[in-house]
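All remarks here apply to the structure that follows.
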Amino acid sequence: MDTTLIVATGHGIFTYERNANDWRMRARGLDGQNVTSAIAREGVILAGTTNGVFRSDDSGEQWHVASDGLHTRHVRWMAFHPGLSDYEFVGTEPAAIFVSHNGALSWRECPEVAQMRDEHGWMLPYSPEAGCVRGFTFHGTRAYAAVEVGGALRSDDGGETWRLAEGSDGKPDLKGPPAPLIYPDVHSIAVHPSAPDLVFAPTGGGLYRTRDGGKTWTLLYDCYVRAVWLDGDDANHIILGPAAGVDSDGRIEESHDGGQTWQVTSNGLQVPWRRHMVERFEQVGEELFAVLSNGELLVAPLASLQWKRVLTELEEVRAVTSMKQ
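Residue numbers (the working numbering): 247 to 571.
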């Protein structure tokens, strides 16, 4: 089965197919659009942009607007529910969550998210908007969302309705709450496949873990971090993209003991990067892609973690995903 690689950039979206040990461009589209994220499944690609959602039914050759009901058009992240067909999610700036049950033909807002946003005064330090939703993760009927700056959200009905996780007070105070609450500047979030209560969250105050579904959180690594990858076969194996601060001294590290100790795993790279860091990780087959905050894209085999830059012709890479053909 062939794999299509989909790359979202600040000036359009590109699809690639395998060519021996490399990738060959198959199509490009949405020229001039700032594409922030993309998801793909069952032959359909959805692209989130700062101007709404677009859909392609032919592997990226042609695109059409798919934003009916999406009254907040600045998309920060997209996701689909892994267990349910045609169930898609959009997180926006300002912070809101929209869901679709028909492949983005129409969207419904989850109004409780905007209510929490307004009640707690969510914010962004780099934008006048009231926070943003920039991550989702799912495990059966359990779902979680990452809010910058606002905290961690939880859903117990598969993402139809949302509330603050018990260990997240919703206050956008960058000084941070006391333990066992999570730091409110949540950049992404990942639930481990082994249990719906085991969740990891990279934040502006470090990497946090909860073992009780978000009621209490433990700080595993005191750093600034946006990206984490979890080994589905080994809950103790974690790959992280920590930094000293915002886009400062970024690197890639690995833990084999659940985050108690860390080792630099930046083979093939000259780190720390003085002015950038890992923005996102994405596993494609037996490889791990790393989207950097300076718009570059790295890839490494999971077996060796020997990193190299890939698709060097692209600039302003924002996200990467894949689809089996």
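The beta carbon of each residue, even a glycine, is placed where N, CA and C say it ideally should be.
From a predicted model like this one, the values you see are computed outputs, not experimental measurements.
Do you know whose CA, among the options, lies nearest residue i's CA?
i	options	result
G531	W519, V537, P518, V545	V545
A489	H502, W408, G404, V524	V524
Q571	F260, G258, R264, V253	R264
T338	Q308, V281, G505, V290	V281
V492	V563, A565, T449	T449
A350	A360, V336, A342	V336
D468	A481, D479, D480, L453	L453
C378	R319, K421, S401, L330	R319
Q509	W519, P439, R497	R497
W593	R564, A565, E559	Given a span of 247 to 571 for the chain in the structure shown, any question on residue 593 remains unanswerable.
T464	P424, E334, R564	P424
P518	F527, L538, Q529	L538
D364	V395, F344, R354	V395
P357	Q516, W408, H327, S401	W408
V321	F344, T295, E542	T295
R520	E533, L534, S494, A536	S494
I484	L420, S352, L444	L444
A447	A481, Y390, H502, D480	Y390
Could you give the DSSP three-state label for residue i: helix, strand or coil?
i	result
M369	coil
Q509	strand
D268	strand
V517	coil
R457	coil
P357	helix
R319	coil
M523	coil
R400	strand
R497	coil
Round the Cβ separation of residue i and residue j to the nearest angstrom and send it over; I've been treating them as touching at under 8 Å.
i	j	result
T255	E561	7 Å
G397	S434	Not quite, the Cβ-Cβ distance comes to about 13 Å (not below 8 Å), so this is no contact.
G306	A273	4 Å
T228	V437	A query on residue 228 cannot be resolved here, the shown segment of the chain reaching from 247 to 571 and no further.
E528	V566	5 Å
S283	W309	15 Å between Cβ atoms; not a contact.
M569	R287	7 Å
A341	V359	6 Å
E580	S346	Residue 580 is absent from the structure shown; the chain starts at 247 and stops at 571.
Taking all protein chains shown into account, decide if residue i is buried (16 or more other Cβ within 10 angstroms of its Cβ) or exposed.
i	result
L240	Outside the shown range of the chain (247 to 571) lies residue 240, about which nothing can therefore be said.
Q552	exposed
D431	buried
L276	buried
A325	buried
Q506	exposed
L427	buried
P418	buried
G329	exposed
S331	exposed
H317	exposed
A441	exposed
D279	A small correction: the amino acid at residue 279 is Gln; Asp does not occupy that position in the sequence shown. Label assigned to Q279: buried.
S550	exposed
G258	buried
| said: When you compare the segment 305-314 with the segment 368-379, are there three or more beta-carbon pairs, one atom per stretch, that lie closer than 8 Å? | reply: no
| Segment contact, 8 Å Cβ cut-off, at least three pairs: the segment 467-481 with the segment 404-414 | no
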